[in-house]
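Reviewing the structure listed below.
There are 2 protein chains.
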Amino acid sequence: MKPIRLPCYCGSLRQASRVVTQLYDQMLKPSGVKITQFSILKLLAACPDLTTGGMADALAMDSTTLTRTLKILQENRWIEAATGTDRRQRCWRITADGLQRLQHAEPLWEGAQKEFTRLADDVDLDSLTRSVFLLVQKVGG
Amino acid sequence: MKPIRLPCYCGSLRQASRVVTQLYDQMLKPSGVKITQFSILKLLAACPDLTTGGMADALAMDSTTLTRTLKILQENRWIEAATGTDRRQRCWRITADGLQRLQHAEPLWEGAQKEFTRLADDVDLDSLTRSVFLLVQKVGG
DNA sequence: CCACTATACATGCATATACATATATCACCA
DNA sequence: TGGTGATATATGTATATGCATGTATAGTGG
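If you read the protein sequences in the order shown, they are chains U and H. One point on numbering: in the working numbering, the residue at position 29 of the first sequence is 29, and numbering is uninterrupted. One rule links them: number in the working numbering = place in the second sequence (from 1) + 141.
Pasting the structure below:
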């Protein structure tokens, strides 16, 4: 049987999120990072010393979800935490190991982006990403 | 900080999936069903005797994921399984309890749909859902 | 009927998700 | 300065997700 088009906006987005995540995770597999972890590493490489809450806002993730994922990355020694002036905060940085891992994953991610655009060649991706980001801004928070 | 627009198609979809799921789950909360469970109950109410694999295809879910969720619904006595002529298959039906639960959730889901369209009033939702379903068809499988 | 392969579902493991709640720290004010 | 409410993060619990693998049954060629 084929996938059905659900009337539910949420269900439709979840369907798409699942199949697209599977594509990306499969293509990232040789690097040993999953797409969620890749997003975090990439963000930290660009913005060092982001806090847990800052990252949660940027990625539209619940901070309790992010806490668990950061713990995994920390155990892998891909990121490390420092305490800021506000001692409640944890300021995160990517480590040398994490950067190496990210650099290994980067071309695989680009391959996934390319494969995604190939598979979705009859979709207006500019319009789609604009709409999707609007949803994140308007529905989130 | 505000959410950032990610260059990653997958990350963007996951951001949207998260915030929209939170909206729907919050509005469904009085019914005691989550949006994933709601989708399954609604599908089974419309299509009795669907198998695990048939549902997985329809919902674009991995069948091993679906197995766990079906188990929860079965333990709640909202659905029940029968064995078909092919004794490997499990044919699922919604129970009277499940139907009642679904009917309780239905108006809450409609409220979530309405609230979603209100929040996303400057998004072309027809175009968005068309694109999103195309992704499910083209990227999935 | 008997291997052999394919299919349907389940299980082990790891990660992702978030609500309710707990804890530590900060900011402010009396 | 000490109390009080707010904020940043962590933890308990439950569900969601999917890959690798296992098990039972079906189908097929001899």
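Even for Gly, the Cβ is constructed at its ideal location relative to N, Cα and C.
Would you identify the three-state DSSP class for residue i, choosing helix, strand or coil?
i, result
"Leu41(U)", "helix"
"Cys144(U)", "Chain U is shown only over 1 to 141; residue 144(U) falls outside these bounds and no answer can be derived."
"Ala16(U)", "helix"
"Asp121(U)", "coil"
"Lys2(U)", "coil"
Using C-beta distances below 6 Å, list every residue in its chain close to residue i, excluding the 5 sequence neighbours before and after it, in chain order.
i, result
"Lys170(H)", "none"
"Ala81(U)", "Arg90, Trp92"
"Leu249(H)", "Met168, Leu169, Ser172"
Thinking just about the alpha-carbon of each residue, which of the options is nearest to the one in residue i?
i, options, result
"Gly252(H)", "Gln244(H), Thr224(H), Met168(H)", "Met168(H)"
"Pro48(U)", "Val136(U), Glu115(U), Gly98(U)", "Gly98(U)"
"Thr193(H)", "Phe179(H), Lys183(H), Thr210(H)", "Thr210(H)"
"Pro7(U)", "Asp263(H), Lys279(H), Glu247(H)", "Glu247(H)"
"Asp124(U)", "Asp263(H), Arg271(H), Asp262(H)", "Arg271(H)"
"Lys279(H)", "Arg118(U), Gln137(U), Ile94(U), Gly84(U)", "Arg118(U)"
"Arg218(H)", "Thr236(H), Arg146(H), Tyr150(H)", "Thr236(H)"
"Leu191(H)", "Gly281(H), Leu269(H), Glu216(H), Thr224(H)", "Thr224(H)"
"Met55(U)", "Thr226(H), Ala186(H), Ser158(H), Pro144(H)", "Pro144(H)"
"Val132(U)", "Gly281(H), Asp262(H), Gly282(H)", "Asp262(H)"
"Asp57(U)", "Gly281(H), Ala157(H), Ser268(H)", "Ala157(H)"
"Ala45(U)", "Glu115(U), Ser63(U), Ile79(U), Arg14(U)", "Ile79(U)"
"Leu23(U)", "Arg228(H), Asp203(H), Lys255(H), Glu256(H)", "Asp203(H)"
"Cys10(U)", "Gln254(H), Leu275(H), Thr205(H)", "Gln254(H)"
"Glu115(U)", "His245(H), Ser268(H), Glu256(H), Gly281(H)", "Gly281(H)"
"Leu135(U)", "His245(H), Arg229(H), Leu269(H), Thr205(H)", "Leu269(H)"
Once you ignore the five residues that flank residue i on each side, which residues in its own chain have a CB closer than 7 Å to its CB?
i, result
"Thr21(U)", "Ile35"
"Lys42(U)", "Leu102"
"Arg18(U)", "none"
Ordered along the chain, which non-local residues of its own chain (more than five positions away) have a Cβ less than 8 Å from that of residue i?
i, result
"Leu200(H)", "Ser180, Ile181, Leu184, Leu207"
"Asp25(U)", "Lys34, Ile35"
"Ile213(H)", "Gln178"
"Arg146(H)", "Ser153"
"Thr226(H)", "none"
Starting from residue i, follow the alpha helix (DSSP H) in both directions and report where the run begins and ends.
i, result
"Val136(U)", "125 to 139"
Inset, instruction - Enumerate, from N- to C-terminal direction, the unbroken alpha helix (DSSP H) stretches of 4 or more residues contained entirely within the stretch 34 to 110 of chain U. - result: 35 to 46, 52 to 59, 63 to 75
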